[in-house]
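Participant:
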Amino acid sequence: MTDRLDRWADPPLLVLASLADEPKHGYAITQDVAETMGVRLSAGTLYAVIARLEARGLIEPLESDDRRRPYRITMAGAEVLAQQSERMSKVASVARERLSTRLGWVGA
Amino acid sequence: MTPARAALALYPPSWRARYGDEVLAYLDDSGGGPAAVASLAWRALPAWFWPPLDRPARMRSSLATALLSWSMLAGLGLVFAQLTQLQGLAPPGHPQIQWAYAVFDVTLAASALIAGLGGLPLWLLMLRQAWREQRTRDMVYLFLPVLAPVAYLIGLIMTARMVGGASGINQGWFGVVTLAGFAAAAIAATGPGLALRRLQPRGPALRLAAGAAGVSAAVMAVAAVAIVVAVVSLNLWARQFVGYHDGTLSGIYLALVVIAATVTTVSAARGTRAALAVSP
Numbered sequence: 031m032t033d034r035l036d037r038w039a040d041p042p043l044l045v046l047a048s049l050a051d052e053p054k055h056g057y058a059i060t061q062d063v064a065e066t067m068g069v070r071l072s073a074g075t076l077y078a079v080i081a082r083l084e085a086r087g088l089i090e091p092l093e094s095d096d097r098r099r100p101y102r103i104t105m106a107g108a109e110v111l112a113q114q115s116e117r118m119s120k121v122a123s124v125a126r127e128r129l130s131t132r133l134g135w136v137g138a
Numbered sequence: 143m144t145p146a147r148a149a150l151a152l153y154p155p156s157w158r159a160r161y162g163d164e165v166l167a168y169l170d171d172s173g174g175g176p177a178a179v180a181s182l183a184w185r186a187l188p189a190w191f192w193p194p195l196d197r198p199a200r201m202r203s204s205l206a207t208a209l210l211s212w213s214m215l216a217g218l219g220l221v222f223a224q225l226t227q228l229q230g231l232a233p234p235g236h237p238q239i240q241w242a243y244a245v246f247d248v249t250l251a252a253s254a255l256i257a258g259l260g261g262l263p264l265w266l267l268m269l270r271q272a273w274r275e276q277r278t279r280d281m282v283y284l285f286l287p288v289l290a291p292v293a294y295l296i297g298l299i300m301t302a303r304m305v306g307g308a309s310g311i312n313q314g315w316f317g318v319v320t321l322a323g324f325a326a327a328a329i330a331a332t333g334p335g336l337a338l339r340r341l342q343p344r345g346p347a348l349r350l351a352a353g354a355a356g357v358s359a360a361v362m363a364v365a366a367v368a369i370v371v372a373v374v375s376l377n378l379w380a381r382q383f384v385g386y387h388d389g390t391l392s393g394i395y396l397a398l399v400v401i402a403a404t405v406t407t408v409s410a411a412r413g414t415r416a417a418l419a420v421s422p
């Protein structure tokens, strides 16, 4: 059940979060997302997301002599990530509060 | 063909041109595998509906189009100068004609200067790349803006000598010389456009050229307005002009000017917008 819920994670948000600290290329993004957020992005999903984020100006490619082109988050991308993080934080806060009331769960 | 390449073949060409190499590098790094290839194939269909936006490609494409239409507009402007300004057509009581001549001269020169200075770093960048990679054809393309006008001028001098000097160039010869001039301008402008497509430069030089093209096109649009003002005024108030060029020819000429100016402005604006959208 938990694995299926993981699929609800929004891949564009995961990619933005991965790029929030420093530029990364495609494979580095999937590794980072898997290690820090516990979600595996497939090749097809990753590049569909990269194309979408780039078209919306939320990330941008950097110059590279290599085939592995790094991407960085833009100012617009950072704003979107901040807004979404705030929203998710509220959801998490409400969820923790209600779970603790109902089940006595205190969270990790 | 490997399964990964077969999956990539399902994507639109623009998508493959933009992300194909990256995806293959990704699969090399991750080890690929049937699941990765299957996910790629699964995502190919939406890519046809939402093709990638490649801003450098947009800048290159806009630059190539703007350069060609700018050259045609400059050619039309030179025909205008030859048939009006240099013939001394300036009827008294209509100062807007003289003003239009002055505005045309200044804006044409300024537009050419801005385009030349803004495009020079990109031209040098492409030339260096073509030289480093021994791409002879691209070097020829890059030198066409010099070679085509020189060849045209040599042809013009030879033609003038053949017909017994500049005074021997009658209306028929003038038409030939003018068409040859447009052909030379088109060849000169197409060269860098082809080099842009083949060498695919990126970076600050491309952004500078795209930005300069926008400014140059805006200035050239003012030159086009000056042409329209002068030609309409001459048709209305200069009898000798009307006697030499009937209204139909003037109408066709003005339509060509408006088309060339519109294409130049729109293309350059699209390139400049793409350049401004890319942060340094």
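These protein sequence lines map, in sequence, to chains H and V.
If you read the first sequence in the numbering used here, its first letter stands for residue 31, the second for the next number, and so on.
If you read the second sequence in the numbering used here, its first letter stands for residue 143, the second for the next number, and so on.
Every residue gets a Cβ at the ideal spot worked out from N, C-alpha and C, and that includes glycine.
Could you check what DSSP says for V/Arg-158 in three-state terms: helix, strand or coil?
Facilitator: Translated into the one-based positions of the second sequence, residue 158 of chain V becomes position 16. In the three-state DSSP reduction, V/Arg-158 falls in the helix class (H, G or I).
Participant: Note down, in chain order, all residues in the stretch 41-57 of chain H with a beta-carbon under 7 Å from any beta-carbon belonging to chain V.
Facilitator: Gly-56 and Tyr-57
Participant: H/Ser-48: buried (16+ other C-beta within 10 angstroms of its C-beta) or exposed?
Facilitator: As a first step, residue 48 of chain H is located in the first sequence; it is residue number 18 there, counting from the start. By the 16-neighbour rule on beta-carbons within 10 angstroms, H/Ser-48 is buried.
Participant: Compare the C-beta of H/Ala-78 with all C-beta atoms of chain V and state if any pair is closer than 8 Å.
Facilitator: Working through the first sequence from its first residue, we reach residue 78 of chain H at position 48. By this cut-off, H/Ala-78 is an interface position.
Participant: Note down, in chain order, each residue of its chain lying with its Cβ closer than 7 Å to the Cβ of H/Gln-114, except the 5 sequence neighbours on either side.
Facilitator: The residue you call residue 114 of chain H lines up with position 84 of the first sequence. Taken in chain order, the residues that qualify are Leu-43.
Participant: Starting from H/Thr-75, find everything on chain V with Cβ-Cβ shorter than 8 Å and list it in chain order.
Facilitator: Walking along the first sequence from the start, residue 75 of chain H turns up at place 45. The answer, in chain order, is Ser-181 and Arg-185.
Participant: Closest by CA to V/Ser-358, which one among V/Ser-172, V/Leu-396 and V/Ala-251?
Facilitator: Counted from its first residue, the second sequence places residue 358 of chain V at position 216. The shortest Cα separation from V/Ser-358 among V/Ser-172, V/Leu-396 and V/Ala-251 belongs to V/Ala-251.
Participant: With H/Val-121 and H/Leu-83 assumed to form a contact (beta carbons below 8 Å), what rounded beta-carbon distance in angstroms separates them?
Facilitator: Against the first sequence, residue 121 of chain H aligns to sequence position 91. Against the first sequence, residue 83 of chain H aligns to sequence position 53. 22 Å between Cβ atoms; not a contact.
Participant: Is the beta carbon of V/Ala-328 sitting closer than 8 Å to the one on V/Ser-213?
Facilitator: Numbered from its first residue, the second sequence carries residue 328 of chain V at position 186. Numbered from its first residue, the second sequence carries residue 213 of chain V at position 71. Yes, these two residues count as a Cβ contact at 8 Å.
Participant: Which first and last residues belong to the alpha helix (DSSP H) in which H/Tyr-101 is found?
Facilitator: Counting from 1 along the first sequence, the entry for residue 101 of chain H is found at position 71. Looking at the DSSP string, H/Tyr-101 is not in any alpha helix (DSSP H); the run it does join, the beta strand (DSSP E), is 101-103.
Participant: Starting from H/Glu-90, trace the alpha helix (DSSP H) both ways and give me its first and last residue.
Facilitator: Along the first sequence, one-based indexing puts residue 90 of chain H at 60. Looking at the DSSP string, H/Glu-90 is not in any alpha helix (DSSP H); the run it does join, the beta strand (DSSP E), is 89-91.
Participant: Thinking C-beta only, is V/Ala-411 closer than 8 Å to V/Gly-353?
Facilitator: As a working mapping, residue 353 of chain V is identified with position 211 in the second sequence. As a working mapping, residue 411 of chain V is identified with position 269 in the second sequence. Against a cut-off of 8 Å, the Cβ pair of V/Ala-411 and V/Gly-353 comes out as no contact.
Participant: Per DSSP, H/Lys-54 is paired with what?
Facilitator: Stepping through the first sequence from its first residue, residue 54 of chain H is reached at position 24. Answer by DSSP bridge pairing, in chain order: H/Tyr-101.
Participant: Please classify H/Asp-96: does DSSP put it in a helix, a strand, or coil?
Facilitator: Sequence index remark: in the first sequence, residue 96 of chain H carries index 66 (1-based). If DSSP states are grouped into helix, strand and coil, H/Asp-96 belongs with coil.
Participant: Could you check the C-alpha separation between V/Gln-238 and V/Val-370 for me, to the nearest Å?
Facilitator: One-based indexing of the second sequence puts residue 238 of chain V at position 96. One-based indexing of the second sequence puts residue 370 of chain V at position 228. One C-alpha to the other measures close to 11 Å.
Participant: Measure from the alpha carbon of V/Ala-416 to the alpha carbon of each residue in V/Leu-398, V/Ala-380, V/Ala-403 and V/Leu-348, then state which is nearest.
Facilitator: For the purposes of this step, residue 416 of chain V is taken as the residue at position 274 of the second sequence. Checked all of V/Leu-398, V/Ala-380, V/Ala-403 and V/Leu-348; the closest Cα to V/Ala-416 is V/Leu-348.
Participant: Which chain V residues sit within Cβ distance under 7 Å of H/Glu-109?
Facilitator: The residue given as residue 109 of chain H occupies position 79 in the first sequence. Listed along chain V is no residue with a C-beta nearer than 7 Å to that of H/Glu-109; the closest approach is about 14 Å.
Participant: Check the Cβ of V/Pro-188 against every Cβ in chain C and list those closer than 8 Å, keeping chain order.
Facilitator: Here chain C cannot be found, since the structure's protein chains are H and V.
Participant: Determine the closest residue to V/Ile-401 out of V/Ala-216, V/Glu-275, V/Ala-419 and V/Leu-267, with distance taken between C-alpha atoms.
Facilitator: Start at 1 with the first residue of the second sequence, and residue 401 of chain V comes out as number 259. It is V/Ala-216.
Participant: Between V/Leu-182 and H/Gly-74, which are expected to be in contact by the criterion C-beta below 8 Å, what is the C-beta distance as a whole number of angstroms?
Facilitator: As a working mapping, residue 182 of chain V is identified with position 40 in the second sequence. As a working mapping, residue 74 of chain H is identified with position 44 in the first sequence. About 4 Å; that satisfies the 8 Å criterion.
Participant: Mind checking whether V/Ala-167 and H/Arg-97 have CB atoms under 8 Å apart?
Facilitator: Working through the second sequence from its first residue, we reach residue 167 of chain V at position 25. Working through the first sequence from its first residue, we reach residue 97 of chain H at position 67. Result yes, Cβ atoms of V/Ala-167 and H/Arg-97 sit closer than 8 Å.
Participant: If I measure Cβ to Cβ from V/Pro-291 and keep anything under 7 Å in the same chain, skipping five residues before and after, which residues do I get?
Facilitator: For the purposes of this step, residue 291 of chain V is identified with residue 149 of the second sequence, where counting begins at 1. If we look at V/Pro-291 and ignore the five residues flanking it on each side, its Cβ neighbours are Ala-326 and Ala-330.
Participant: Give me, in chain order, the residues of the same chain whose beta-carbon lies closer than 7 Å to that of V/Leu-298; leave out the 5 immediate sequence neighbours on both sides.
Facilitator: In the second sequence, residue 298 of chain V corresponds to position 156, counting from 1. Answer for V/Leu-298: Val-319, listed in chain order.
Participant: Residues in the same chain with beta-carbon distance under 7 Å from V/Leu-169, minus the five sequence neighbours each way, listed in chain order, please.
Facilitator: Position 27 of the second sequence, counting from 1, holds the residue named residue 169 of chain V. Excluding positions up to five away in sequence, the list reads Ala-146 and Ala-178.
Participant: Just verifying my parser: in three-state terms, what is the DSSP assignment at V/Arg-132?
Facilitator: This structure leaves residue 132 of chain V out entirely; chain V is present only between 143 and 422.
Participant: Using DSSP with H/G/I as helix, E/B as strand and the rest coil, what is H/Ser-48?
Facilitator: Taking the first residue of the first sequence as 1, we reach residue 48 of chain H at position 18. H/Ser-48 falls in the helix class under three-state DSSP.
Participant: Residues in the stretch 159-172 of chain V with C-beta within 9 Å of chain H's C-beta atoms, listed in sequence order?
Facilitator: Arg-160, Tyr-161, Asp-163, Glu-164, Val-165, Leu-166, Ala-167, Tyr-168, Leu-169, Asp-170, Asp-171 and Ser-172
Participant: Here's the rule: buried if 16 or more other CB atoms are within 10 angstroms of the residue's CB, otherwise exposed. What is V/Leu-266?
Facilitator: The residue given as residue 266 of chain V occupies position 124 in the second sequence. Looking at its Cβ environment, which holds fewer than 16 other Cβ atoms inside 10 Å, V/Leu-266 is exposed.
Participant: Could you round the C-beta distance between V/Ala-208 and V/Ser-392 to whole angstroms and report it? I think they count as a contact, below 8 Å.
Facilitator: The residue labelled residue 208 of chain V in the question sits at position 66 within the second sequence. The residue labelled residue 392 of chain V in the question sits at position 250 within the second sequence. Contact flag wrong, Cβ pair sits at about 26 Å.
Participant: Does chain V have any CB closer than 8 Å to the CB of H/Glu-93?
Facilitator: For the purposes of this step, residue 93 of chain H is identified with residue 63 of the first sequence, where counting begins at 1. Closer than 8 Å: yes.
Participant: Excluding sequence positions up to five away, which residues of its chain have a Cβ less than 7 Å from the Cβ of H/Met-118?
Facilitator: For the purposes of this step, residue 118 of chain H is taken as the residue at position 88 of the first sequence. So no residue of the chain qualifies.
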